[in-house]
């Protein structure tokens, strides 16, 4: 896939005229009546904007070609409507979409000329409005003036954010490909989640009433079960006894499910599954990801969610919303009851051993409580919203819940089975209690007051929790000390240097970025050695220095740290040599070198890269580094090691070659 993308980018770079034509045609067809519905023009323009940062597409060519194509497509659609008038609506395929044409017609009638401008930025009606404007005989000069302005603004509206996004990915890739994958995964997941929530809410709104009617009819023919069902879906039936019955049933099913899972799968296999998922997420491990996941974990702690629960309960009691309060307490009460029951189960001799082995009891109950609080809050909020807007709370709260669960998996604080179990228990109970709430409560709660209480309690509880627990939480991301391997100086120089990793470890454990340098010595001594040869510290990454990225005249901008095996470099210095700038980076290793006098020196691995500043946009300066060829190292060694320095170096040159494979440097302690 990467090779195909590389070939495509090279072709675009070699054929700028054909590339401009393709952009024009894409934008043109995206603007045609109905055809534009099938072409995701906004997504394509955003993606092309991201490719601008690679240097294979000219920004000016993209903006001009895209705008001209959009204007031409709108004008052609307008001409079709003006020429065929209402007969256009009788032709195929336009006759198959009368609702969409009617929607565009109402939009023009309601907004007039500004509707043509607005429609250019509104996806569903964008390919329809120009033709409808022609059918309605809008004056041609007026349409052209509006369409030209809208077309000129439409392309940069998507291309420039795409270019900024591409630049951010370039910066992220400077840190590690793991960070790029994390950013893209979050964006893709949120986009897919909002699409899923929107479709699901609409489907449930359509199917809920018929399903409830069938269940109600079924319950009338079953005496005992019918009463329990009616307690949930019949507004005239008392619900307390039914909810208690269902709660007991769910607890029994939860215990039974645990017993069956352990009996048929085995606690050892379940532990292996949890560990495998944890190891997959650790592929994203870099210091930035550690901090991000830890912050998410603290922001979603049980203290925070239980504080939110108690605050909303107090607000409901103060406002005398007794029925919502009863459902609110019942929704979260099941999770707390599950937690108590699992604590009791873990104390038993047989089941407790297995529960402790798979780390299931405490995380599952904690997750059930969190899911119940967020889920039922979404149910209460959506009760006061229109159907078309109900997907918003569900998607936002689900996104937050999933991110919080990923943080727990990443930090090893919960297994995938505990999460699936907690979500399963919580979802079943939420459907039950949510249905009962929507059935028995006719008047929704005031959404402004509810949201205000939720936001204030969430912010306040997080501030309190972070102030008191953040330093303690940092222990969760402390990198455990690796076992140290010691080589004698002679062994390292003659043989063991080949056992040291020669590639930067990133996603999949390899990034194909060579680590040509192995440097034995204490870091202050190495830094002093390089500083004496003119190497200087890089501009630090601070909020003030980040503003240099927005200047097109900066000769040096902050360079993000680069990760190797989950750690940033310990030393990074820059120097200009013959109109070129080079950056040397050194990362720690788990190897120590024992010198002849008995001194134990840490071994650092690293490389030297070419440093340059690119300008993907006129107002952006993005730093880039490219690993220098090993042949450059030979010419740079005099600029690394001082002539009268005690440091020594050895070039490891394979037999039959003149190009070194690795460079070993030893700096004795000063």
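In the numbering used here, the protein residues as written are 419 to 1088. Glycine residues also receive a C-beta, built at the ideal position from the N, C-alpha and C atoms.
Here's the rule: buried if 16 or more other CB atoms are within 10 angstroms of the residue's CB, otherwise exposed. What is residue i?
| i | result |
| --- | --- |
| residue 916 | exposed |
| residue 463 | buried |
| residue 572 | buried |
| residue 433 | exposed |
| residue 716 | buried |
| residue 605 | exposed |
| residue 847 | buried |
| residue 703 | buried |
| residue 841 | buried |
| residue 430 | buried |
| residue 944 | buried |
| residue 527 | exposed |
| residue 1085 | buried |
| residue 977 | buried |
| residue 428 | exposed |
| residue 997 | exposed |
| residue 436 | exposed |
| residue 734 | buried |
| residue 442 | buried |
| residue 539 | exposed |
| residue 475 | buried |
| residue 994 | exposed |
Going by DSSP, what residue range makes up the beta strand (DSSP E) through residue i?
| i | result |
| --- | --- |
| residue 1043 | 1040 to 1045 |
| residue 906 | 903 to 906 |
| residue 1070 | 1066 to 1070 |
Please check the pair residue i and residue j, which I expect to be a contact at CB under 8 Å, by giving their CB distance rounded to whole angstroms.
| i | j | result |
| --- | --- | --- |
| residue 545 | residue 453 | 7 Å |
| residue 904 | residue 1082 | 16 Å between Cβ atoms; not a contact. |
| residue 787 | residue 723 | 7 Å |
| residue 992 | residue 954 | 6 Å |
| residue 868 | residue 797 | That pair is no contact at about 12 Å. |
| residue 975 | residue 967 | 6 Å |
What residues are listed by DSSP as bridge partners for residue i?
| i | result |
| --- | --- |
| residue 1032 | 1040 |
| residue 1011 | 905 and 1019 |
| residue 1004 | 989 and 1024 |
| residue 1124 | Beyond the ends of the chain as shown, which are 419 and 1088, falls residue 1124; an answer cannot be given. |
| residue 740 | Bridge partners of residue 740: none, in fact. |
| residue 503 | The partner list for residue 503 (beta bridge, DSSP) is empty, contrary to what the question assumes. |
| residue 401 | Residue 401 lies beyond the residue range present for the chain, which begins at 419 and ends at 1088; the question has no answer from this structure. |
| residue 728 | According to DSSP, which records beta bridges pairwise, residue 728 is partnered with nothing at all. |
| residue 921 | 932 |
| residue 958 | Answer is none; residue 958 lacks a bridge partner. |
| residue 982 | 985 |
Is residue j closer than 8 Å to residue i when the C-beta atoms are compared?
| i | j | result |
| --- | --- | --- |
| residue 1021 | residue 936 | yes |
| residue 875 | residue 729 | yes |
| residue 1000 | residue 1031 | no |
| residue 499 | residue 448 | no |
| residue 566 | residue 535 | no |
| residue 478 | residue 459 | no |
| residue 791 | residue 747 | no |
| residue 1008 | residue 901 | yes |
| residue 580 | residue 466 | yes |
| residue 450 | residue 495 | yes |
| residue 1004 | residue 1014 | no |
| residue 906 | residue 611 | no |
| residue 484 | residue 577 | yes |
| residue 714 | residue 822 | yes |
| residue 789 | residue 752 | no |
| residue 712 | residue 891 | yes |
| residue 719 | residue 855 | no |
| residue 1019 | residue 1080 | no |
Considering just the uninterrupted stretch of the alpha helix (DSSP H) at residue i, what are its terminal residues?
| i | result |
| --- | --- |
| residue 822 | 809 to 829 |
| residue 967 | First-last for residue 967: undefined, no H or E at that position. |
| residue 532 | 531 to 537 |
| residue 866 | 865 to 891 |
| residue 708 | 705 to 717 |
| residue 469 | 459 to 470 |
| residue 434 | 434 to 449 |
| residue 833 | Unbroken run through residue 833: none, as it is neither H nor E. |
| residue 952 | Careful: residue 952 lies outside any alpha helix (DSSP H) and carries neither H nor E. |
| residue 549 | 547 to 553 |
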